[in-house]
Every structure is written in C-alpha cells, then in structure tokens.
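Below is one structure; the comments refer to it alone.
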Amino acid sequence: MKRDKNILRVFLLVIFFIIFVLSLYPVSIYAQTEYSIHLFVKKFESYIDVFQPVGEYGVLVHLFNGTLVYIDVTTGHTSRLNIEGEGIGIIEISGNKAYFVKSNGEIIEVKFPELEILERTYVLNSQDERSIVRAAATWDGRWLALQVEYEYVKDVYLDRLVVYDMSLKKRVFERDANSIDVLVNIFSLDIYENYLVVETINERCEICQYTDNKIEVYNLTNRGVEKIAELVTGWTKKVVYDGYVLAQRIQVNPTGKHDFILLKLPYLDVVKRTETENILGFFMSKRTIYTYTKQKDKFYLKSYDRNLNLQKSTEVLGNRKLGALGQYAVLFSLTGIYVYNSHFKLIKFFYLDVPNVSYRPTSNPRWNEKLVVEKYGEKMLVVLYKRDTYKLQIKVVYRKKPIESASVKIYNLEGESFEEKTGQNGIAVFNLKPGQYFIKISKEGFAELTPIEVLVDKDREVTVELTMKKVLPVHLEIRVFDEENNPISSAEIIFKGNITYSTSTDEGGFATIDIVPGVYNLTVKAENYKYFIKTVHINRTDIPQTLSMSVILQKEKYQLTIKAEGKNAYNITTLYLTDKDGNLLTVIPLGKTVKTVLPRGIYIVKTPENSLCDIKTSIINLNENKTVNIIVACRRPKSQIEVKTPEIISLLKENMIISKNITKSIVFPEFEAPNGTPVNLQEISEGKLLIIEFFYTKCTGCEYLLPLLRELASREDVRVVSITVSPADTEKIIEKYIREHNITWTVLKDTTNFYQTLNITNFPTVVAIKDGKIIFIGIGAKKEIEALEKNATVVSLVKTIKEYIDKIFKIGRPETLIISGAILFILSLAFPEGERNGEKSQDEEDIFDSDNADFHTVHSGDSDIDF
C-alpha cells in the first residue's frame, strides 16, 4: 500500500512538472515578442508635409519649412537636405533611392541615407496642367504613374492619367476627357510589379461615382502601356498587395452592409465576394487579411483567410488607426499603441505622453515589413519597429591580445546552434533572434571554458578571456634537401598556427624546433627553390617525444626565350649563354630564337673573345618566364679600314673658303640626337676620320656644303656628323631639314655649347678629327663665293680679299682668322644676301628668336678660333 502511494506521488509530481513547463512556454513567447518591438518618437520644429518608411529601418520626412529628413529609427541618426516646395508623396525605389514628388511637377531622385540629389526631372505640361495629385512608381524606378490635374475648360479642372518613362525622360501614355477612352476623374493609383491599378470614372457626375467607378489594370512594358482589364465596382477603398486587389465598396447595399471583394491580378478575376460592416482600415499579409471594423457603436479587429472567410474577431476600443508590423496588427490611439498577434492577443502596449488632444493620429499609417509609421498632430512621428535579430559580437582574447581561428559556438535550449571562427581581430559575429543563449569557446592549446549564458535582447558585445593549458611540446628534427639529395642550407622553416614558430637549416640542411601540438601550416622556402607548403598535424602526447621529418625542395625553373639580332656584326655569328660563374649553357646563333628551361638565377650573354662588340641586356635575372631581345652592335677592327687622310683633307681644302691644318687634342662631350638619345662620337667614329660640320638650319651658306658632306658620308673611311648649334632647331625642324636636303649622315644637337669651347663663331665650320685630335679646320663654303661671281664688283673684291687672306694665313697665327672674319663681315654688309644670289632679303626671311642673335653665316661675322 505504501509502495502504491509513493508511485502515485511520483506520478503527480511528473504531471505537475509537465504542466509547469507548458505554462512557461507562452510566457517565453510573450517575453521574446516584447523585447523584439521598439518605439521611436520624433518631434520636428516644423509641420510635417509627407513621410514614407524606406529601407529596413529608415523614414523619409519632408517638412513644410523645406527640409527633407532621413531618420534611422534604430540609432536616431538623421540626415538633412533642403528641398523647397510642397510634396505630394515619397516613393521608394530600388538601390536605396526614392522619388520625392512635388505638386508643381518636379520629381527629385534622392539617395539615402546620405540624402544626395541624383537627378531632377520636370514632368508637367505647362500649357494646361496645374499640379500632380497622386503618384506611383515601379520598384526599378523606370515607370512613373501620375494623376495630373489640368484645366479642361476655363475654371473646370479634371484628371489626366500620365505614364512617364524616367529612363527616356518622356511621356509614353496619356488619357483624359479628350481621349477616345474618356477619363474624367481618378480616385486611386497603385502599382504592383509592372501592373498599374487605377480607379476611374468617365463622366462628371458625383452621385454616379458610387456606382459607376471602374478598377482598371494597365500593363507597363517596353512596347507601351496597354489596358488589359477593367471591372465596374463603384467607389471603393482598397489595398493592392501580393498580386491581389482587396476592395470594399463605400456605398451601403440593401442589407445595410458594404460589398467586400477580393480580385486577382492582372485580369481582376473575382476570388471571393461577400459583405461586411464599414471597414475603417485593413491590410493583407501573406496568408491573412486584417480589418478594423465599426459595427453599430462597437469596434472590432477581424481576420479573414484568402477566401474572405472570417477566422477571428475581437472587440477593441474605438478612435484608432490600423497599421501593420509584419504579421502583427497595430492600433494607434491618442494615449498609446496596441500590438496584437495573429491570435488577437495583446502582446505589447506603448504608452504615449502627448502634450494635448491635438496630438492624435491624423493620417493613415504607412508601413513595410520592419516598421510602421504614424503622424501625431502636425509635428510628431511615432514609429514602431521590430528587430527579428540582434547582433551578438564575441571577442576572444588571451592576455588582451586577439585570438584568431577560435571556435565560437552559440546554442539555446530549443536545440538551435550556430558556429563561427574568429577572424584576425579575434571577433566572431552572430545575428540571432531574441532569447537566452549559451556561448562555448574552444581553441587548440587553451583550456576549455564553462559555457557563458547571455540574454540577446539588444545588440551586445561579449569579450571572453582564454587561459593556456599545460601541453608538452614536441621536439621536431627537420632535414631539407633538393631533388638530388643535396642538403639546402639557410632554408627558412615556418609553422603557423595559434602560435607561429620559425627556424632555419644549417650547412647540412638540418634544423630542430620545439613546438606545441596542434594543426599548423608549414612553409619551407629557400633562394632559387619553390616554396614547400603543407598542413601538418602534430598530435598531443602525455610524454616527451621527438619526431623527424624530411622536406624536398624543387628548384624554380623558368623558360627563357632569347632572340638575338646583329647590327654591323661583321664576322660574329654566335653568342654564348653562361651562368654567373662563367659555365657555358647554350650557343645562340645570330638571327635565331633559342628557348631553354633554367633554374632561377643570374645568367650572362657573351660574345666571342677579342670581338669589338657591345650587347644590350647582357645580364638576365631569371625569376619568371621571360623573353629577352639581344641586340649586338660590333665595330669593325681597325686593320680592316685604311683611312686615306691626305686625300680627304685635300678634298676639304678645295671646298672651303678658309682652311688650316693643325694638331690639337680634344675630349668629346655627350651629344644628343634630335629625339634626345645620347650619342658618343668617339665610339661611332672608331677607326675612321671624323668630319664634323657645325651649322644651323637657317644658315643658307651651309647648304652649299651639303654636296661635299654627302660625298664624304659615302666613304667607308669617313664618319660625317652635322651638329646644329641653335637652340631654336627643334626635333621637328631638324627632321624637316634632313628630309628636304636628303641628309644620310648623323645629325646631332649641341646641348653643351661645345662649339664655344672651340671658339667657333661663323658657320658653316668644318673640323676633321683623327685619333682624338683635330687635324683640320675650315670655314665657309667656296661654292657660295662662286655663286656671287655674277656680280663684277663682288668678284673683284673677293679676289682682293682672297689674296690678302692667303698672305696672312702664311703668318700661321690663329689671330689671322679673326682678321679674315672681320673682312668677310664687311663684305656681307656691303652686299646683302638678296643681291648675291637672288634669294629673299634679310627682312623677308624668318626672324631668329633671341637665342639665335649670335649666329651668322660665314660672310657676316668675325672668326675667333683659339687652339
């Protein structure tokens, strides 16, 4: 008997425990719901014009003082932008953008939350249209539907339906009283996807509105705007949602109720038609229809399924505005806000402390899935928003330093669990539904912690401090060698895990390291070898142990492509590729392409010994697949060219007005080609007689010397170079001079004023140089004098001057050149250039700039040569 009593007691205790647990379950749901819904109240300094929820937790508000405000209701952060004018609506479109629609016809596209104006568009026709009354847009922002008020006849205003393409910036559809399909007034404007839903009437008859209004559907496509359905319903209040139109007729039917109809888009198929009491507000969710209804002197919240079958009903207080917050029904009143779940259980009440009765709900609430907004009075917005999830941030540290790759597990008593790894900053982030959770953290090499309990009722940050566990290290012996079993010294060995270890090999390729057991990324690297990368697991042990491992490194090898080209290569036919120690690797024939695969390193391209050749890019640093162009430039051996100096000097004397044989050592500066490329005169004239003409492109006397220079340039034993001394001779001017005079020899620029070091003041001047010494200098082209012989006076004077010059040159002093230059200068003044050769006078020729003021032809200046 006693045993039966004990069994009964145990049974009753179990039943009591089950009932107790079940009784807690609704409380748990209620608790979760309470702290997932929040209240936000914002009072403004000016009257509210229009408002609209945007994004997840944002609200756009336009005030009558011309300020557009964006509010993040979760943080209270605001952005402001000044936009003057009266707004009739704010329409959210994709990409965190919205259209602010002004009654005067201006559409302003703004970006939120920063409130940047992206574009302004004016859409009204200034001839007869007065204002925009309503607007709706597709989610992509392309199609904008407008109810436009226009003057039909004087002082008579009707409605016009306009569809505007915002991408093309033009109207694509209009309909009004002048259309074949007459339209007089518009009562509502909604868009679902690309379907425009409009309620219209086609006659001016106020009493007819209650019976003759039509709901119409238009398809908005690239091909145009097409009406695809219409249904006579009479004047209605309606909502368009999820492919349906839910409407209640405003006129009372014979039974004293109102027709209630559910239509399916796009063709307005009737899903169900019934009748209800007067509906003050209603909305649709995915599965349920909610209404706030007045029945005689009482008010009710009711829910219907998608076939308009009544499911639930509960009596509530009157003078409320109905809004939606996800699946919740929200009633706004003067003193507070009531939140009901789908079972019409009051799950939340927010008390509002308003200044006076003027602060009552004054408009129809606006909502999205995350929040619902209502205007109280003229200057206050009240927002309810729900947080389905909150951010839980876990930071794992050891001695205040972040721990990477720690495993963080979050779980609750309902069996849900979530797991993440910490990043470099030691942080793992979770987005969790409200509730009670436990945090469990594990990390190789650290002691296991007791789970930490945390309540997720808001965004939280939790820092967890780890402690090291005592773990015996493992002694590793590592050998690193190549594919031919040769040891590799100075190889760097890195184990990267919770802790990073590193060491390097000795000359025998050996290294040792003590390491804590765990999982590591092993990297071994050495110069000219490929990296060795592998994940290694070093197991925990209760006794000290030594492990050995070997690593084979492969040499880095790359393909080297060499293209060898010869320039004046003479008898050189091959090049040689060696390593940096001079060991021959391959032969490279000139004019051929050679491909070879070599280890990473430094390689050298060489020419045969005793060859007078230079190689561009002779040292190759091979660290990737590479193509190298080798250009070989060789000098002919001196013994192969016989320079006929007396013959050349004789030829020069025959063509120069004044000449002198001298011997003077000279050091060349660096000259430039017209394109700026440096040129070494000593190198390009090796083994030849160098003839330098100093000139400038405007020098007419210089042109008489060109036939002689062309003849000399054709000789194998002569190198001819013309050097312009004028800074005004640009690259383009020199190129034109070369082209017009068919110059085949080298033309350079004197950028170092080399001609001044030679005391050259008259042009043209020709200098002959052999083995680094000036052996001849000549001034003026004799052919220029011959061109003047047509003038008898000039001929007589020239003969006299020539006889005098011949005498004074016998003196053998450099000063004689100065005297002769002076005489020729007087001659140039007496006989202008135009009188000598029929060319333009000096006044007609191009004028030199200031840089050319000292440059003259040979007959117009002094000669001062000092050797």
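Numbering (our numbering), first residue to last: 626 to 1492. In this text, a Cβ means the ideal position worked out from N, Cα and C, and glycines have one as well.
Selection from the options that minimises the alpha carbon distance to residue i
i: Q920; options: W764, I904, Q1179; result: I904
i: H968; options: L888, G961, A954; result: A954
i: Y1023; options: G1040, N981, L1413, L1091; result: L1091
i: L821; options: V781, Y869, E831; result: Y869
i: R1364; options: T1322, K1395, V1392; result: T1322
i: Y915; options: I742, L771, T899, Q936; result: Q936
i: T699; options: G710, N838, P678; result: P678
i: D1342; options: I1309, T1325, N993, R829; result: I1309
i: L573; options: L1074, A770, T1270, I816; result: No answer is possible for residue 573: the residues shown for the chain start at 626 and end at 1492.
i: F1106; options: T1130, V1089, T1088, N1123; result: T1130
i: T1369; options: K1398, S1339, T1377, T1382; result: S1339
i: S1290; options: Q1307, Q873, L749; result: Q1307
i: T960; options: Y984, A949, E940; result: Y984
i: K911; options: Y925, L893, G951, K897; result: G951
i: S728; options: G712, E717, P738, I716; result: G712
i: A1506; options: I1256, D801, L1074, R759; result: Since the first residue shown for the chain is 626 and the last is 1492, residue 1506 is missing from the structure and cannot be characterised.
i: N838; options: E851, V865, Q873, Y817; result: Q873
i: N1495; options: E828, F812, V788, I816; result: Look at the range of the chain in this structure, 626 to 1492, and you will see that residue 1495 is not part of it.
i: Q752; options: L771, K668, Y777, D765; result: Y777
Close beta carbons around residue i, own chain, < 6 Å, minus the five adjacent residues each side
i: F957; result: K946, P986, E999
i: L1331; result: H1366
i: T1252; result: T1186
i: T913; result: S928
i: G1362; result: It is Tyr, not Gly, that sits at residue 1362 in the sequence shown. T1322.
i: Y835; result: G859, W860, Q876
i: E1117; result: S1129, K1150
i: I886; result: A872, R898
i: S1175; result: R1104
i: T754; result: What sits at residue 754 in the sequence shown is Glu, not Thr. Within the same chain, E754 has close Cβ partners V773, Y775.
Exposure label - residue i; buried when at least 16 CB within 10 Å
i: G881; result: exposed
i: N981; result: exposed
i: H702; result: exposed
i: G720; result: exposed
i: S928; result: buried
i: T918; result: buried
i: N810; result: buried
i: S792; result: exposed
i: I1019; result: buried
i: I1077; result: exposed
i: C830; result: exposed
i: E1318; result: buried
i: F1531; result: Only positions 626 to 1492 of the chain appear in this structure, which leaves residue 1531 out of reach.
i: E741; result: exposed
i: M909; result: buried
i: S1173; result: exposed
i: P990; result: buried
i: L1038; result: exposed
i: Y782; result: exposed
Cβ shell of residue i (< 7 Å), same chain only, five flanking positions each side left out
i: P1029; result: Note on identity: in this sequence residue 1029 is Glu, with Pro being the wrong assignment. Correct list, in chain order: T1047, G1048, Q1049, G1051.
i: F1120; result: Y1126, I1140, Y1145, L1147
i: Y650; result: Caution applies to Y650, whose pLDDT of 39 falls short of 50 and renders its modelled position unreliable; the value that the coordinates give is listed next. Excluding sequence neighbours, Y650 sits near nothing in its chain.
i: D978; result: none
i: E734; result: K722, Y724, L743, E744
i: E1003; result: Y672, I673
Neighbourhood of residue i by C-beta distance below 8 Å, restricted to the same chain and skipping five residues each side
i: V1304; result: E1295, F1296, E1297, A1298, T1371, L1373
i: N1153; result: K1180, E1181, P1224, R1225, G1226
i: Y1036; result: S1042, F1043, Y1062, F1063, K1065
i: L1314; result: V1268, T1270, I1273, D1342, V1343, R1344, A1393, I1394, K1395
i: T846; result: N819
Contact test: residue i Cβ vs the ligand PLP heavy atom, cutoff 6 Å
i: L769; result: In the structure shown, the ligand PLP is absent, as is every other ligand, since no ligand is present at all.
Restricting to runs no shorter than 3 residues, where is the beta strand (DSSP E) found entirely within the region 1322-1374?
1343-1349, 1371-1374
Return the chain-ordered ranges of every beta strand (DSSP E) run that is complete within the region 881-964 and spans a minimum of 3 residues.
Whole beta strand (DSSP E) segments, 3+ residues: 883-889, 894-901, 903-909, 914-920, 923-929, 935-941, 946-950, 953-957.
Mind the definition here: the region 1268-1287 touches the region 1354-1372 only if three or more C-beta pairs lie below 8 Å; say whether that holds.
no
Does the structure place the region 1053-1067 close enough to the region 1098-1109 that three or more beta carbon pairs sit under 8 Å?
Below 8 Å, too few C-beta pairs join the region 1098-1109 and the region 1053-1067 to call them touching: fewer than three.
Counting only runs of 3+ residues fully inside the region 693-737, write out the beta strand (DSSP E) ranges in chain order.
Correct list: 703-707, 712-718, 722-727, 731-736.
Mind pulling the beta strand (DSSP E) runs of 3 or more residues that sit fully within the region 810-834?
810-817, 820-826
Check whether the region 1371-1390 and the region 1336-1351 touch, using three or more Cβ-Cβ pairs below 8 Å as the test.
yes
3-residue-minimum beta strand (DSSP E) runs that sit fully inside the region 1153-1236, ordered along the chain
Fully enclosed beta strand (DSSP E) runs of 3 or longer: 1157-1163, 1171-1178, 1182-1192, 1199-1204, 1209-1214, 1218-1224, 1226-1231.
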